[in-house]
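Here is the structure we will look at, set down as structure tokens.
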Amino acid sequence: MRLVTTPRVTALRGLADALAPRVGRGRMIVAVDGPLRSGKSAFADDLRDVFEEAGRTVFRARMEDFHRSREAQAAFGADTPERYYRYGFDESALRRVLVEPFRMGGSTAFVTRVFDPVRDAWVEPKWRSGPEDAILLIDGRFVLRERLAELWDVGLAIEGEPTDAADRIAYAARDPRSIATATVDLRDPLRPVVAYSD
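In this text, residue positions in the sequence shown follow my numbering: the first is 343, and each later residue adds one.
Structural data, given as structure tokens:
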């Protein structure tokens, strides 16, 4: 379905075209990082729509849906921004039920959501499958951290300085903008500005 052309959609189409050689064919994963309330989820949703407009099969996932429970986080000590940055997400589940089976192509089903952080409860897994040529588009805080970065084919970073304490810890350890394929300035969300790394 053809999207209504707006400055935001035009910018996203340009980004999708620029990423086409990197995304290629087969199973590819695009990750969008950015500080709290930076607009990364809405941006990833719109990028999905643009990829789908171009005829690609796209699956969406969010790091928010791979949280550890509050009880599981408590096993790592007091509730601090440092604990949240280091142990807030179940990266083992992310790898085991999403990334690794997705990478296996059409032969293996995968899950895009395992946890509801609002209810602090596991959700019934919905196993999904798709064609050999598909894109997984995931957004969330800390997705471009060093221990996860090798999972993604393309890394995008939303511009913005961290204001949340956990984000400041993450950016001090590794600023996602320094290693991203491209950065996206959403100060005017209707007119994103994309800058590509060398």
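For glycine and all other residues, C-beta sits at the position ideal for the given N, C-alpha and C.
Residue nearest to V453 in terms of C-alpha spacing, selected from L490, S380 and F408: As a position in the sequence shown, residue 453 is number 111, starting the count at 1. Nearest of L490, S380 and F408 to V453, Cα basis: F408.
Could you give the first and the last residue of the continuous beta strand (DSSP E) run that contains V536? Translated into the one-based positions of the sequence shown, residue 536 becomes position 194. Run containing V536: V535 to Y538, per the beta strand (DSSP E) assignment.
Does the segment 350 to 359 come within contact of the segment 435 to 446, defined as at least 3 CB pairs closer than 8 Å? no
Out of I500, D387 and R533, point me to the one whose CA is closest to S520's CA. Here residue 520 is taken as the residue at index 178 of the sequence shown, counted from 1. The shortest Cα separation from S520 among I500, D387 and R533 belongs to I500.
Is the distance from the Cβ of A512 to the Cβ of R489 below 8 Å? For the purposes of this step, residue 512 is taken as residue 170 along the sequence shown, with counting starting at 1. For the purposes of this step, residue 489 is taken as residue 147 along the sequence shown, with counting starting at 1. Contact: no.
Can you confirm whether M446, when its beta carbon is compared against all beta carbons of chain B, has any partner nearer than 8 Å? The chain inventory of the structure shown lacks chain B, comprising one protein chain alone.
Beta carbon of R483, beta carbon of L378: below 8 Å? Along the sequence shown, one-based indexing puts residue 483 at 141. Along the sequence shown, one-based indexing puts residue 378 at 36. Their beta carbons are under 8 Å apart, which means R483 touches L378 by this criterion.
Closest by CA to D475, which one among A386, A362, R398 and D359? For the purposes of this step, residue 475 is taken as residue 133 along the sequence shown, with counting starting at 1. If we check each option's Cα against that of D475, R398 comes out closest.
To which residues of the same chain is V374 closer than 6 Å at the C-beta, ignoring the five residues directly before and after it? For the purposes of this step, residue 374 is identified with residue 32 of the sequence shown, where counting begins at 1. For V374, where only same-chain residues beyond five positions count, the Cβ hits under 6 Å are K382, A386, D481 and L498.
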